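Have a look at the structure below before the remarks.
Written out as structure tokens, the structure reads:
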């Protein structure tokens, strides 16, 4: 499922609790998916939070989130690829997005850390690892990304999924375009996650 998650991340949005933050504003509420955004002071780009509830146990959701094809040189655009594990609970992923001229391509290397808070609560933190693999020609490597997934299972084996994310795409991308994607990208990602888990159940 990370392969579809990073369709959005690579398409181009960080979640910093230390920033001066505004209140969340609900921007979309459709098909059991809610998308919120808020402005981060001193930044041109907004942060987003997405939530939904799926009829799937928490461990099945975790398996979906960690699913991605293995990384290789010249892997296709718009899909997250798995580079390697680090220890038992850390995973490194790579994704890149090709844009039409004159926009430069972007790529990102992400460290995902799985923390089991309880049997019914799991947090997956996201941060950028820009120097993990060599940079590619004519591609801007995203350096600032932080965020998390929070999975919370109820007694009836349904799982509430929350993702909070902010990244700086760098370069000259207009903020109004990137901020528009904060609605479309997460909604598409959560729709796919919702559909896959419904199908699995």
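In this note's numbering, the protein residues as written are 1452 to 1652. Positions of the beta carbon are idealized from the N, C-alpha and C atoms, including for glycine. Since this is a predicted model, take the numbers as computed values, not measurements.
Is it buried or exposed, residue 1587, if we count other Cβ atoms within 10 angstroms and call 16 or more buried?
Counting from one through the chain shown, the residue named residue 1587 turns up at place 136. The residue is exposed, with fewer than 16 neighbouring Cβ atoms inside 10 Å.
Pair within 8 Å by beta-carbon distance, residue 1488 and residue 1499
If you number the chain shown from 1, residue 1488 lands on position 37. If you number the chain shown from 1, residue 1499 lands on position 48. Residue 1499 sits close to residue 1488, with the two beta carbons spaced by under 8 Å.
By a C-beta neighbour count over all protein chains shown, 10 Å radius and 16 as the cutoff for buried, is residue 1476 buried or exposed?
Here residue 1476 is taken as the residue at index 25 of the chain shown, counted from 1. It is exposed - the Cβ of residue 1476 has fewer than 16 other Cβ atoms within 10 Å.
How would you write the range of the beta strand (DSSP E) that residue 1558 sits in, first residue to last?
Here the question's residue 1558 lines up with position 107 in the chain shown. First-last of the beta strand (DSSP E) with residue 1558: 1556 to 1569.
Same chain only: Cβ atoms within 6 Å of residue 1478, ignoring 5 sequence neighbours per side
Within the chain shown, residue 1478 is the residue found at index 27, counting from 1. Counting only Cβ-Cβ distances below 6 Å, and skipping sequence neighbours, we find 1486, 1488, 1634.
In the DSSP output, which residue or residues are listed as bridge partners for residue 1525?
Translated into positions along the chain shown, residue 1525 becomes position 74. None, per the DSSP bridge assignment.
Three-state secondary structure (DSSP) at residue 1634?
Against the chain shown, residue 1634 aligns to sequence position 183. Helix, per DSSP.
Which stretch, first to last residue, makes up the beta strand (DSSP E) that contains residue 1486?
As a first step, residue 1486 is located in the chain shown; it is residue number 35 there, counting from the start. That run of the beta strand (DSSP E) goes 1484 to 1490.
Residue range of the unbroken alpha helix (DSSP H) whose run includes residue 1516:
Numbered from 1 along the chain shown, position 65 holds the residue referred to as residue 1516. That run of the alpha helix (DSSP H) goes 1509 to 1517.
Cα-Cα separation, residue 1590 to residue 1521
Working through the chain shown from its first residue, we reach residue 1590 at position 139. Working through the chain shown from its first residue, we reach residue 1521 at position 70. Going by C-alpha positions, residue 1590 is about 21 Å away from residue 1521.
Option nearest residue 1609 by Cα separation, candidates 1502, 1579, 1506, 1639:
Indexing the chain shown from 1 puts residue 1609 at position 158. If you compare the alpha carbons of 1502, 1579, 1506, 1639 with that of residue 1609, the shortest gap goes to 1506.
Cutting at 6 Å between CB atoms, please list the residues of its own chain near residue 1639, excluding the five before and the five after it.
Your numbering for residue 1639 matches position 188 in the chain shown. Cβ within range, chain order: n/a, list empty.
The beta strand (DSSP E) that contains residue 1582, what's its start and end?
For the purposes of this step, residue 1582 is identified with residue 131 of the chain shown, where counting begins at 1. Careful: residue 1582 lies outside any beta strand (DSSP E) and carries neither H nor E.
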